[in-house]
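Engineer:
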Amino acid sequence: MTTTTPWPLIGRTARPPAGMLVDRRFGRLVDQFFQLFRDTRQGGGALSVYLHGEPVVDVWAGWASRKTQWNSDTVTLTFSTGKGVASTVLHRLAGRGVIDYDVPIAQYWPEFAAAGKEAITVRELLSHRAGLHRVRGLVPEPLSLMDHSLVSAALAAATPDRRRLRAPGYHAVTFGSLIAEVTSRASGQPFTELVKTEIAEPLGVKDFWYAVPLDERGRIARTFPHINPFGVPWAATSFAMSRLPGLRNVADAGMPAGFDLLVRNPAVHDSVMPGWNGVFSARALAKMYGALANGGSVGGVEFLAPDVVTQLGEVQTTGRDYVLGLPMNWRLGYHAGMVARRTQPSKTFGHYGLGGSGAFADAETGLSIAFVTNRLGNMLTPIADLRLPKLGSTALALASKA
Numbered sequence: 068m069t070t071t072t073p074w075p076l077i078g079r080t081a082r083p084p085a086g087m088l089v090d091r092r093f094g095r096l097v098d099q100f101f102q103l104f105r106d107t108r109q110g111g112g113a114l115s116v117y118l119h120g121e122p123v124v125d126v127w128a129g130w131a132s133r134k135t136q137w138n139s140d141t142v143t144l145t146f147s148t149g150k151g152v153a154s155t156v157l158h159r160l161a162g163r164g165v166i167d168y169d170v171p172i173a174q175y176w177p178e179f180a181a182a183g184k185e186a187i188t189v190r191e192l193l194s195h196r197a198g199l200h201r202v203r204g205l206v207p208e209p210l211s212l213m214d215h216s217l218v219s220a221a222l223a224a225a226t227p228d229r230r231r232l233r234a235p236g237y238h239a240v241t242f243g244s245l246i247a248e249v250t251s252r253a254s255g256q257p258f259t260e261l262v263k264t265e266i267a268e269p270l271g272v273k274d275f276w277y278a279v280p281l282d283e284r285g286r287i288a289r290t291f292p293h294i295n296p297f298g299v300p301w302a303a304t305s306f307a308m309s310r311l312p313g314l315r316n317v318a319d320a321g322m323p324a325g326f327d328l329l330v331r332n333p334a335v336h337d338s339v340m341p342g343w344n345g346v347f348s349a350r351a352l353a354k355m356y357g358a359l360a361n362g363g364s365v366g367g368v369e370f371l372a373p374d375v376v377t378q379l380g381e382v383q384t385t386g387r388d389y390v391l392g393l394p395m396n397w398r399l400g401y402h403a404g405m406v407a408r409r410t411q412p413s414k415t416f417g418h419y420g421l422g423g424s425g426a427f428a429d430a431e432t433g434l435s436i437a438f439v440t441n442r443l444g445n446m447l448t449p450i451a452d453l454r455l456p457k458l459g460s461t462a463l464a465l466a467s468k469a
């Protein structure tokens, strides 16, 4: 075990560590962040905050691997955090009239009309009401999940779950593939190109990837530990959960056979699986959500039109999600920014991922916050563990006084 040098309490010192940015109003938040990473067992991470479209926090700490410290350029696999980025690609297209939220998906993707799906709209997909949550058994073998064409064809042929007519059901793995195919069909461009032209280039930040360029892969932090809930092998846990009524839907939606091995396979960075394989920096995520928290503009640049941004935070569903068992209050591709809180800030939305990475925007305070980490933390929580919600609560409180 390697122990880091204790970090200074930013709230009590005049200067942050070299190269980092800390607005003194957010010193308490940064102090909390630094306490998360004391030795290599806790891994590492980064935290970034924008307020009213301008950066106020950009810090990092801990370890990218057992031998390498996390640094300014480190990026990491963020799991479902990528759903929010993929959704934002679609919103950029919608803002120019390329996609209409209330048009059937089949208008852009004709094959999708099979098996009774001809009337399912883009809006229903964005709010997890397409009834295509099942990924277990969708393709022949685990490595097949990396074949976007195969996955898309299987989803186009699939029969939707009837419960979609009554409630949403979290598309834990399939959501990203569906969004990628719809946006590609509507625009005529590969999804990787759309991420570049609709997100990275307008924001001036390159760290938005699903298929990661070869010359950037040395920056990716090692993700650990193995995804073995309760210390039991993934295959056994997945099978057992698929047989239990209360957990069957979670297993069907997010626990395909071999997923634990797929996560550690370097080839995952060759593929487009926006439901879970996004690789980002906190800095990039915070800037994107900074625009969504600030009427569509960040750093003096309009990223999305204000009328589009207003729609993004509108709650689409209030019923209990039949996969997660919680009322997620799905927005258009995002969930509430503070899922674990009994009272949720009404204008806060974003997306978290397995292990605690995630980001959200709060239109009321003009705040965005992004946290990424390579330490998986809570293995059984498909939204996040408590690290980002705790940091987010502190950030919101500080932003409301700023």
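Counting in our numbering, the sequence shown runs from 68 upward without gaps.
Glycine is no exception: its CB is placed at the ideal position from the N, C-alpha and C atoms.
Since we're looking at a predicted model, the values are computed, not measured.
1) Kindly provide the ranges of any alpha helix (DSSP H) runs that are 4 or more residues long and lie completely inside the stretch 322 to 408, ordered along the chain.
2) Considering only DSSP beta bridges, list what Pro177 is partnered with.
3) Quick one: which unbroken alpha helix (DSSP H) runs of 4-plus residues sit fully inside the stretch 139 to 176? Chain order, please.
4) Which first and last residues belong to the beta strand (DSSP E) in which His418 is found?
5) Taking 8 Å as the CB-CB cut-off, is Phe179 touching chain C?
6) Kindly indicate which three-state DSSP category Arg201 falls into: helix, strand or coil?
7) Just tell me which of Val339, Lys457, Pro177 and Ala225 has its CA closest to the CA of Lys150.
8) With a 10 Å radius around its C-beta and 16 neighbouring C-beta atoms as the bar for buried, classify Thr250 as buried or exposed.
9) Is Leu371 closer than 8 Å to Arg163 when the C-beta atoms are compared?
10) Quick test of your reading: Asp90 and Val124, contact by CB under 8 Å. State the CB separation rounded to the nearest angstrom.
11) Quick one: measure Cβ to Cβ for Glu431 and Lys414, integer angstroms, because I've assumed they're closer than 8 Å.
12) Can you give me the start and stop residues for the alpha helix (DSSP H) that Glu500 sits inside?
13) I'd like to know whether the C-beta atoms of Leu443 and Leu421 end up nearer to each other than 8 Å.
14) Going along the chain, which residues of its own chain have a beta-carbon closer than 8 Å to the beta-carbon of Gly404, five neighbours each way excluded?
15) What are the start and end residues of the alpha helix (DSSP H) that includes Thr250?
16) Who are the Cβ neighbours of Thr385 in its own chain at under 8 Å, not counting the five residues just before and after it?
17) Buried or exposed: where does Ala182 fall if 16 or more other Cβ atoms within 10 Å of its Cβ makes it buried?
18) Check for me: the alpha helix (DSSP H) holding Glu260 runs from which residue to which?
19) Can the beta-carbon of Trp127 be found less than 8 Å from the beta-carbon of Ala113?
20) So for Phe104, helix, strand or coil by DSSP?
21) Taking Ala113 as part of the beta strand (DSSP E), name the residues at either end of that continuous run.
22) What do you get for Asn316, buried or exposed, if any count of 16 or more other CB atoms within 10 angstroms of its CB means buried?
23) For the pair the stretch 191 to 205 and the stretch 226 to 244, tell me if three or more CB-CB distances fall below 8 Å.
24) Straight-line CA distance for Thr141 to Val152?
25) Throw me the rounded Cβ distance for the Gly110 and Thr440 pair, which I believe falls under 8 Å.
26) Can you tell me whether DSSP reads Leu463 as helix, strand or coil?
27) Would Ser219 pass as a contact of Ser244 if the rule is Cβ separation under 8 Å?
28) Where does Pro42 fall in DSSP's three states?
29) Taking 7 Å as the cut-off, is the beta-carbon of Ala224 closer than that to any non-hydrogen atom of the ligand HEM?
30) What is the DSSP secondary structure of Pro312, reduced to helix, strand or coil?
31) With H, G and I counted as helix, E and B as strand and the rest as coil, what does DSSP make of Thr304?
Structural biologist: Reading from the atomic positions:
1) 326 to 330, 349 to 359 and 373 to 379
2) Per the DSSP secondary-structure output, Pro177 pairs with nothing in a beta bridge.
3) 148 to 162
4) Thr415 to Tyr419
5) The chain labelled as chain C is not found in the depicted structure, where only one protein chain is given.
6) coil
7) Val339
8) buried
9) no
10) 6 Å
11) 4 Å
12) Residue 500 lies beyond the stretch modelled for the chain, which goes from 68 to 469, so this question has no answer here.
13) yes
14) Gln411, Pro412, Thr415, Phe416, Gly417, Phe427, Ala428, Asp429 and Gly459
15) The continuous alpha helix (DSSP H) containing Thr250 extends over residues Thr241 to Ser254.
16) Pro394 and Asn396
17) exposed
18) Segment Phe258 to Val262, the alpha helix (DSSP H) holding Glu260.
19) yes
20) coil
21) Gly111 to Leu118
22) buried
23) When C-beta atoms of the stretch 191 to 205 are compared with those of the stretch 226 to 244, three or more pairs fall below 8 Å, so the two segments count as touching.
24) 19 Å
25) 6 Å
26) helix
27) In this structure, the beta-carbon distance from Ser219 to Ser244 falls below 8 Å.
28) Absent from the structure is residue 42, since the part of the chain shown begins at 68 and ends at 469.
29) Among the components of this structure there are no ligands whatsoever, and the ligand HEM is therefore not found.
30) coil
31) Three-state DSSP puts Thr304 in a helix.
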